[in-house]
Amino acid sequence: QKEVEQNSGPLSVPEGAIASLNCTYSDRGSQSFFWYRQYSGKSPELIMFIYSNGDKEDGRFTAQLNKASQYVSLLIRDSQPSDSATYLCAVNIAGAGSYQLTFGKGTKLSVIP
Amino acid sequence: GAVVSQHPSWVICKSGTSVKIECRSLDFQATTMFWYRQFPKQSLMLMATSNEGSKATYEQGVEKDKFLINHASLTLSTLTVTSAHPEDSSFYICTPSSNEQFFGPGTRLTVL
């Protein structure tokens with residue numbers, strides 16, 4: 078069974094610190110990787126996506142992908158209390174031509190003021 | 029990114045009734061729409077894929093006769109939960125199939 082694994086947390090970090098969220102996936106054929114933020118009772122919001130090995134930065138967020146290790150992470154710099162949410166890792170396992178996503182269970186992040 | 033709306037955003041119904049959820053792609057012609065379901069404290073699980081002008085495909089364990097999907101146009105897909113029961117209470121979210129992967133705002137269904 079093709080899976081996406083995340084630590085459920087909660088992960089607590091002080092305000093201003095770096096939050097590191099990790100995700101592993103089982104299907105080596107996976108081609109695209111997404112990080113979503115979900116506030117309680119709300120729909121997931123796309124933070125960023127990454128397709129290639131290495132780092133991708135967008136503001137305070139950096140996604141890191143290592144296909145050899147089947148590992149993708151999200152770093153949040155200068156964490157703010159408003160970043161407190163559940164972060165979902167999602168993987169496009171079906172590959173080219175299909176945009177269906179498989180989600181991890183999410184990591185709950187708490188940023189302590 | 030694609031703008032997606034869902035209606036209603038929240039619905040409470042009695043057990044045994046049917047509920048229709050609409051998903052509209054406002055600025056994107058969606059030949060395919062994904063429907064996900066999220067139970068409390070769980071992650072999103074794909075329920076079904078609706079295809080404009082043809083039958084939907086359902087994931088294993090999802091009853092096609094209970095969750096009726098219609099995708100009559102490139103901008104509208106509907107999910108009808110028939111004979112709803114309390115175990116169907118969940119957060120239903122749609123997203124058009126695209127590389128942008130934006131989700132609709134979701135519909136929270138509570139079956140009493």
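These protein sequences, in sequence, are chains A and B. Just so we're aligned, residue 78 is where the first sequence starts under this note's numbering, counting upward by one. Just so we're aligned, residue 29 is where the second sequence starts under this note's numbering, counting upward by one. All residues carry an ideal CB built from backbone N, CA and C; glycine is no exception.
A Cβ of chain A is located within less than 7 Å of the beta carbon of Gly134 of chain B. Ranked by Cα distance from Gly81 of chain B, the first of B:Leu72, B:Lys94 and B:Ser105 is B:Ser105. Interface annotation for the segment 65-80 of chain B against chain A: Gln70, Ser71, Leu72, Met73, Leu74 and Thr77, criterion Cβ-Cβ distance under 8 Å. Assignment of Glu80 of chain A by DSSP, reduced to helix, strand and coil, places it in the coil class. When the beta-carbon positions are compared, Ala167 of chain A and Phe111 of chain A come within less than 7 Å of each other.
Per DSSP, reduced to three states, the secondary structure at Ser129 of chain A is coil, with no helix or strand assignment.
Ser97 of chain A is bridged by DSSP to A:Leu152. Cβ contact annotation for Val39 of chain B (same chain, cutoff 6 Å, sequence separation greater than five): Val47 and Leu137, in chain order. Under the Cβ criterion (8 Å, minimum of three pairs), the segment 52-62 of chain B counts as touching the segment 71-87 of chain B. Taking Ser107 of chain A as reference, the option from A:Asn99, A:Pro158, A:Lys144 and A:Asp155 with the minimal CA-CA separation is A:Lys144. For the segment 117-151 of chain A, the set of positions with a beta-carbon nearer than 9 Å to some beta-carbon of chain B reads Gly118, Lys119, Ser120, Pro121, Glu122, Leu123 and Phe126 in chain order. For Lys92 of chain B, the CB contacts under 6 Å within the same chain, skipping 5 residues up- and downstream, are Tyr86 in chain order. For Gln141 of chain A, the uninterrupted beta strand (DSSP E) run begins and ends at Phe138 to Asn143, by DSSP.
Under the 8 Å Cβ criterion, the segment 145-165 of chain A counts as touching the segment 94-105 of chain A, having at least three qualifying pairs.
With a cutoff of 7 Å on beta-carbon distance, Phe67 of chain B and Ser118 of chain B are scored as near each other. Using a CB distance below 7 Å, the part of the segment 104-138 of chain B facing chain A consists of Ile121, Ser125, Ser126, Asn127, Gln129, Phe130, Phe131, Gly132, Pro133 and Gly134, ordered along the chain. Look at Asp104 of chain A here: in three-state DSSP terms it is coil, with no helix or strand label.
At the C-beta level, Phe131 of chain B and Ser109 of chain A stay beyond 7 Å of one another.
Under the three-state reduction of DSSP output, Ser159 of chain A falls in the helix class.
Pairing Leu107 of chain B with Ile49 of chain B gives a Cβ-Cβ distance under 7 Å. Look at Glu115 of chain B here: in three-state DSSP terms it is helix.
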